[in-house]
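Residue numbers (my numbering): 1 to 175.
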């Protein structure tokens with residue numbers, strides 16, 4: 001009977017946390033496709049960087065950060081853990097979120113300058129999204145840099161904040 005008292009409280013916390021996430025609720029737009037995935041190997045330089053497609057998550061194999069040739073040296077994580085480069089092409093300006101499944105630093109580079117993040121936060125509970133960093137991006141080609149990831153694999157997804165939202169309906173007065 002005494003054995004039950006020797007189980008650390010953290011074991012109970014892990015059990016209750018796991019059971020709370022056994023049937024997570026579906027994600028809202030623009031993250032509905034988060035659990036789908038393709039597979040890519042992150043680029044070690046901008047030439048070998050694979051494309052990210054809005055709304056299409058990928059499981060990315062990262063490289064040791066020390067072997068990634070960042071276009072702009074990240075403020076944090078550049079010499080630590082794993083990293084890699086991706087491209088993102090936009091036809092029109094957009095408010096884009098970059099979601100990651102694990103801790104890491106994410107930057108977007110345009111014309112050899114880092115784009116200032118518009119916002120950041122965590123993904124919904126039990127979603128598998130560890131963090132989301134939002135950027136206001138112009139149309140054209142962008143370089144997405146990941147640095148300081150603890151593991152060799154990370155799920156990454158870029159999403160337009162307005163993706164798949166219903167189009168505004170005209171008011172009856174407009175007719």
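Note that beta-carbon positions come from the ideal geometry of N, C-alpha and C, so glycine has one too.
(message) Going by DSSP in three states, residue 78 sits in which element: helix, strand or coil?
(response) Taking the chain shown and counting its residues from 1, the one referred to as residue 78 is at position 78. Per DSSP, reduced to three states, the secondary structure at residue 78 is coil, with no helix or strand assignment.
(request) Determine contact between the stretch 90-110 and the stretch 129-141, defined as no fewer than three beta-carbon pairs at a distance below 8 Å. (result) yes
(message) Assuming residue 27 is part of the beta strand (DSSP E), what are its boundary residues?
(response) The residue labelled residue 27 in the question sits at position 27 within the chain shown. The continuous stretches of beta strand (DSSP E) do not include residue 27, and DSSP gives it neither H nor E.
(message) Quick check on the DSSP output: what are the complete beta strand (DSSP E) runs of length 3 or more inside the stretch 33-80, in order along the chain?
(response) With a minimum length of 3 residues, the continuous beta strand (DSSP E) runs that stay inside the stretch 33-80 are 38-41, 58-61.
(message) I need the straight-line Cα distance from residue 199 to residue 104, nearest angstrom please.
(response) The structure shown does not extend to residue 199, since the chain spans only 1 to 175, so no value can be given for it.
(message) On the CB-based measure, 16 or more other CB atoms within 10 Å of its CB, does residue 84 come out buried or exposed?
(response) Mapped onto the chain shown, residue 84 falls at position 84. Burial call: buried.
(message) Would residue 123 and residue 76 be called neighbours here (beta carbons separated by less than 8 Å)?
(response) The residue labelled residue 123 in the question sits at position 123 within the chain shown. The residue labelled residue 76 in the question sits at position 76 within the chain shown. No Cβ-Cβ contact shorter than 8 Å links residue 123 with residue 76.
(request) Quick one: using the 10 Å Cβ neighbour count with 16 as the cut-off for buried, is residue 156 buried or exposed? (result) As a position in the chain shown, residue 156 is number 156, starting the count at 1. So residue 156 ends up on the buried side.
(message) So residue 153 and residue 62 are supposed to be a Cβ contact under 8 Å. How far apart are they, rounded?
(response) Translated into positions along the chain shown, residue 153 becomes position 153. Translated into positions along the chain shown, residue 62 becomes position 62. So it is a contact: roughly 7 Å between Cβ atoms.
(message) Once the 5 residues before and after residue 72 are set aside, which same chain residues still bring their CB inside 8 Å of it?
(response) The count along the chain shown starts at 1 and reaches residue 72 at position 72. If we look at residue 72 and ignore the five residues flanking it on each side, its Cβ neighbours are 107, 109, 112, 113, 114, 145.
(request) Go ahead and pull the three-state DSSP assignment for residue 145. (result) The residue labelled residue 145 in the question sits at position 145 within the chain shown. Three-state result, residue 145: strand.
(message) Considering only their Cβ atoms, is the gap separating residue 86 from residue 151 smaller than 8 Å?
(response) Taking the chain shown and counting its residues from 1, one reaches residue 151 at position 151. Taking the chain shown and counting its residues from 1, one reaches residue 86 at position 86. No; because the gap between Cβ atoms is not below 8 Å, this pair is not in contact.
(message) Give me the residue from 30, 48, 57, 27 with the minimum Cα distance to residue 36.
(response) For the purposes of this step, residue 36 is taken as the residue at position 36 of the chain shown. Checking every option, the nearest Cα to that of residue 36 belongs to 57.
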